[in-house]
Amino acid sequence: MDMESRSKKARRSESVAARSSSSLFIDMESRSKKARRSESVAARSSSSLFIDMESRSKKARRSESVAARSHVPPDILLSNILPRLSFKSLTRFESVCKSWRALITEDSLFAADQSLHPSPASSGFVYLGSSGLEFLSAPGTPVGVPRPSLEIPFHAYSLKLVASTNGLLCCLIRAPASNFFNDGGPCFNLLYVLNPATRESHLVPAAQSHSSFFIGLAFDPSNSPSRYALVCLRRCHGVIEGCLKTQHWFHVFSSETREWVVSSQTVLVDDFVSGEPTAVFAGGVLYWDCISYLIWFDPSKDLAGRTPLPEDPSSAGVHWIGVWEGRVTCTQAWDGEVEVFVMTNGNGSSGNWVRRHRASFEAMVGGNPEVFAKFCHPMRLRSGRLWDRLISRWFLRPLALDGGDKLYIALKPIAWMPNEKERVLCYDLRTGEMTSISDGIRLIPFEDRVFSYHNSMVRLPELCSEAVNTTTS
Numbered sequence: 001m002d003m004e005s006r007s008k009k010a011r012r013s014e015s016v017a018a019r020s021s022s023s024l025f026i027d028m029e030s031r032s033k034k035a036r037r038s039e040s041v042a043a044r045s046s047s048s049l050f051i052d053m054e055s056r057s058k059k060a061r062r063s064e065s066v067a068a069r070s071h072v073p074p075d076i077l078l079s080n081i082l083p084r085l086s087f088k089s090l091t092r093f094e095s096v097c098k099s100w101r102a103l104i105t106e107d108s109l110f111a112a113d114q115s116l117h118p119s120p121a122s123s124g125f126v127y128l129g130s131s132g133l134e135f136l137s138a139p140g141t142p143v144g145v146p147r148p149s150l151e152i153p154f155h156a157y158s159l160k161l162v163a164s165t166n167g168l169l170c171c172l173i174r175a176p177a178s179n180f181f182n183d184g185g186p187c188f189n190l191l192y193v194l195n196p197a198t199r200e201s202h203l204v205p206a207a208q209s210h211s212s213f214f215i216g217l218a219f220d221p222s223n224s225p226s227r228y229a230l231v232c233l234r235r236c237h238g239v240i241e242g243c244l245k246t247q248h249w250f251h252v253f254s255s256e257t258r259e260w261v262v263s264s265q266t267v268l269v270d271d272f273v274s275g276e277p278t279a280v281f282a283g284g285v286l287y288w289d290c291i292s293y294l295i296w297f298d299p300s301k302d303l304a305g306r307t308p309l310p311e312d313p314s315s316a317g318v319h320w321i322g323v324w325e326g327r328v329t330c331t332q333a334w335d336g337e338v339e340v341f342v343m344t345n346g347n348g349s350s351g352n353w354v355r356r357h358r359a360s361f362e363a364m365v366g367g368n369p370e371v372f373a374k375f376c377h378p379m380r381l382r383s384g385r386l387w388d389r390l391i392s393r394w395f396l397r398p399l400a401l402d403g404g405d406k407l408y409i410a411l412k413p414i415a416w417m418p419n420e421k422e423r424v425l426c427y428d429l430r431t432g433e434m435t436s437i438s439d440g441i442r443l444i445p446f447e448d449r450v451f452s453y454h455n456s457m458v459r460l461p462e463l464c465s466e467a468v469n470t471t472t473s
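Next comes the structure, spelled out in structure tokens:
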């Protein structure tokens, strides 16, 4: 019995040992699996880390590449980019750093460059409204002046806007109502020169008090940012050798000498000229639109002459002279068409007119019916073509050429109506697209002048406080 009991104990011990060995094997196998799983996880983690590092490296390389491509050299930024920004943007950028502030506010060369390369957001039109000088630009492109309506220390009805050149404006100031000439015209005895962007202005006594002044403003910020000239075109009519002729001469004011002088140049024309010619300044030369021809004067060389218009004025309905890239332009509307001419190969009498654009008003209207439909009642459109209905009620006139391919057109009711406003449209001569710029501008009575304008950072040349003299040479 004792031996049998020992045998049973031995078998139980062997069974326990076998089970322990099996458990140990299973435990070792389990640990081996865990180790393999850990190694697999570690391998995957290592692979993910490598991929992540590689991805970060690629991103870093791309960022470096983008940074290298987007980096703009300082000289390009300061000389080629900043001068082409709008005046309002530049005033905000003054706070970037001291060097930028000094460049924008004190550097005369930078200001001259900005004046010569106006941003589209800095360009528009200026006219004399009932509340004073009003500025107009395309929607979303503010003209860049302090306010759309500029407050000036004179009543609007005592002003006459006569010139706009490279950011400077010139107005005539009417004398008190009691001062009138024999012809019934009001007396103007002061000139008001101002830069709306910088809010600088000063007064210049006129050469002579007169009811009619045909003033041209010569200002070239690229060559002479510290001075300007005012030129007053004078004329008289008379019978010479049995023919009615018109003689022109010029009074010239220099902001440097602060004196009026009478030029030795005169221009005699076999024609009787009426109306009030408007002047533009292009390529160093002033041009007055005298209906059937242009009278020009070069204030720096003291030369003058006459140049014909591109087409026979008798066949053209209306025309408008302007400036594009330093060259004088003439936009003529006649027989339902509009043609844009640019003077090339010189200035004054040496220049040649070259036609740059030609377009049909009917094509403009037909290609943009949604723009013009609001000018005619829908019921009226059913009984005739839109173009015919439009011209029966509205007078179209070209205003200016901007950027070489954008033509601005004003529409004015043929039949006068109280409080009626003039509409302004912009036609892209390249794409044929018409855009409404303004639903109405209201000019003061007997004024229909709308001038092109772009702001300028050039400081207005200072005048001494001494009285301005008038001399004759």
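Going by the UniProt record's numbering, the first residue of the sequence shown is number 1, and it counts up by one from there.
Each residue gets a CB set at the ideal place from its N, CA and C atoms; glycine is no exception.
Since I believe residue j is in contact with residue i (beta carbons under 8 Å), could you give me their beta-carbon distance rounded to a whole number of angstroms?
i	j	result
residue 340	residue 356	5 Å
residue 173	residue 190	4 Å
residue 255	residue 228	5 Å
residue 112	residue 222	6 Å
Reducing DSSP to helix, strand and coil, say where residue i ends up.
i	result
residue 437	strand
residue 81	helix
residue 431	coil
residue 219	coil
residue 367	helix
residue 197	coil
residue 337	strand
residue 164	strand
residue 302	coil
residue 405	coil
residue 73	coil
residue 395	strand
residue 224	coil
residue 174	strand
residue 181	Residue confidence for residue 181 is low, a pLDDT of 43 falling below 50, so the modelled location carries little weight; the figure read from the coordinates is stated next. If DSSP states are grouped into helix, strand and coil, residue 181 belongs with coil.
residue 136	strand
residue 90	helix
residue 412	strand
residue 129	strand
residue 309	coil
Out of curiosity, what's the CA-to-CA distance linking residue i and residue j?
i	j	result
residue 133	residue 78	33 Å
residue 343	residue 230	23 Å
residue 353	residue 311	9 Å
residue 196	residue 301	29 Å
residue 70	residue 360	Summary for residue 70: the model assigns pLDDT 48, below 50, so the residue's position carries little reliability, and this model does not support an answer.
residue 455	residue 167	5 Å
residue 258	residue 161	22 Å
residue 280	residue 84	23 Å
residue 392	residue 414	8 Å
residue 94	residue 130	35 Å
residue 244	residue 198	47 Å
residue 474	residue 169	Nothing in the structure corresponds to residue 474, since the chain is present only between 1 and 473.
residue 89	residue 400	25 Å
residue 103	residue 109	9 Å
residue 457	residue 114	7 Å
residue 348	residue 406	25 Å
residue 422	residue 171	22 Å
residue 158	residue 233	21 Å
residue 82	residue 225	19 Å
residue 351	residue 322	15 Å
residue 336	residue 291	19 Å
Can you tell which of the options has its C-alpha closest to the C-alpha of residue i?
i	options	result
residue 374	360, 390, 363	390
residue 364	290, 102, 408	408
residue 265	258, 272, 297	297
residue 126	459, 449, 461, 462	449
residue 459	86, 280, 202	202
residue 253	245, 262, 247	262
residue 462	431, 204, 439	204
residue 135	112, 113, 164	164
residue 320	350, 289, 270	289
residue 282	452, 358, 247, 368	452
residue 305	322, 323, 318, 285	285
residue 268	278, 299, 235, 276	235
residue 396	271, 91, 226, 318	318
residue 438	431, 217, 124	124
residue 435	372, 388, 250	372
(request) Could you name each continuous beta strand (DSSP E) segment of 3 residues or more that falls completely within the stretch 233-268, going from the start of the chain to the end? (result) Taken in chain order, the complete beta strand (DSSP E) segments of 3 residues or longer contained in the stretch 233-268 are 243-254.
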